[in-house]
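Chemist: When we follow our numbering, the leftmost residue of the sequence shown carries the number 806, and every step to the right adds one. Every residue, glycine too, gets a C-beta built ideally from N, C-alpha and C. Please read all numbers here as calculations on a predicted model, not as lab measurements.
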Amino acid sequence: MSRNAWIALAALGSLGLLLGALAFQHLGGLAPCKMCLWQRWPHVAAALIGLGALALGRWSHGRILPWLGMLAVLTSAAIAAYHTGVERGWWQGPSSCTGGGGGDLLRIDGPLDMVMCDAVAWQMLGLSMASWNMLASLMLATMWVMAARR
Numbered sequence: 806m807s808r809n810a811w812i813a814l815a816a817l818g819s820l821g822l823l824l825g826a827l828a829f830q831h832l833g834g835l836a837p838c839k840m841c842l843w844q845r846w847p848h849v850a851a852a853l854i855g856l857g858a859l860a861l862g863r864w865s866h867g868r869i870l871p872w873l874g875m876l877a878v879l880t881s882a883a884i885a886a887y888h889t890g891v892e893r894g895w896w897q898g899p900s901s902c903t904g905g906g907g908g909d910l911l912r913i914d915g916p917l918d919m920v921m922c923d924a925v926a927w928q929m930l931g932l933s934m935a936s937w938n939m940l941a942s943l944m945l946a947t948m949w950v951m952a953a954r955r
């Protein structure tokens with residue numbers, strides 16, 4: 806495949822993950838937790854980087870952009886790995902969005918519908934959305950590498 810095809814595929818993959826997350830949220834009624842939202846921003850960056858890389862081609866910083874796209878999706882994968890560990894109880898998450906923490910969870914004036922980061926809202930084949938995002942993000946990182954090496 807060509808460099809542009811790999812870039813387009815990787816950028817569309819990030820866009821697809823974003824649209825899927827928004828569908829779960831707005832159509833499926835599954836409100837995201839704080840860490841779920843953190844995982845979305847690197848995919849926004851990757852989609853924009855892909856658009857920029859396709860527009861610039863190999864001019865100027867166009868050669869660097871696929872590596873930046875890879876870093877963006879790896880950032881999402883790292884956040885998702887951390888989130889997965891919090892969900893499985895392997896380590897403690899931020900006190901502001903986990904059931905075991907104190908902080909602003911005990912405040913009366915805080916949001917009543919806060920979604921806990923350590924609660925799995927949806928899973929398939931034993932993996933949560935964070936786990937699936939981690940796997941998908943790692944696959945997208947591979948696509949970005951393929952684009953960068955073309």
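For Asn809, tell me which candidate among Leu820, Arg893, Pro837 and Pro871 has the shortest Cα-Cα distance.
Modeler: Reading the sequence shown from its first residue, position 4 is the one you call residue 809. The shortest C-alpha separation from Asn809 is found at Pro871.
Chemist: Please report the Cβ distance between Ser819 and Leu879, rounded to the nearest whole angstrom; I am assuming they are in contact, meaning their Cβ atoms lie under 8 Å.
Modeler: Position 14 of the sequence shown, counted from the first residue, corresponds to residue 819. Position 74 of the sequence shown, counted from the first residue, corresponds to residue 879. With 8 Å as the limit, Ser819 and Leu879 do not qualify as a contact, their Cβ atoms being about 12 Å apart.
Chemist: Quick check on the DSSP output: the alpha helix (DSSP H) that includes Gln844 runs from which residue to which?
Modeler: Stepping through the sequence shown from its first residue, residue 844 is reached at position 39. Segment Lys839 to Leu861, the alpha helix (DSSP H) holding Gln844.
Chemist: Which of helix, strand or coil does DSSP assign to Ala952?
Modeler: Indexing the sequence shown from 1 puts residue 952 at position 147. In this structure, Ala952 counts as helix in the three-state DSSP scheme.
Chemist: Specify the secondary structure class of Leu932 as computed by DSSP and reduced to three states.
Modeler: In the sequence shown, residue 932 corresponds to position 127, counting from 1. In this structure, Leu932 counts as strand in the three-state DSSP scheme.
Chemist: If I measure Cβ to Cβ from Leu873 and keep anything under 7 Å in the same chain, skipping five residues before and after, which residues do I get?
Modeler: Numbered from 1 along the sequence shown, position 68 holds the residue referred to as residue 873. Counting only Cβ-Cβ distances below 7 Å, and skipping sequence neighbours, we find Ile854.
Chemist: From Gly821 to Ser900, what does the alpha carbon distance come to, in whole angstroms?
Modeler: Here residue 821 corresponds to residue number 16 of the sequence shown, with the count starting at 1. Here residue 900 corresponds to residue number 95 of the sequence shown, with the count starting at 1. Roughly 30 Å separates the two Cα atoms.
Chemist: If you measure between the beta carbons of Glu892 and Val925, is that distance less than 7 Å?
Modeler: The count along the sequence shown starts at 1 and reaches residue 892 at position 87. The count along the sequence shown starts at 1 and reaches residue 925 at position 120. Yes, they are a contact pair.
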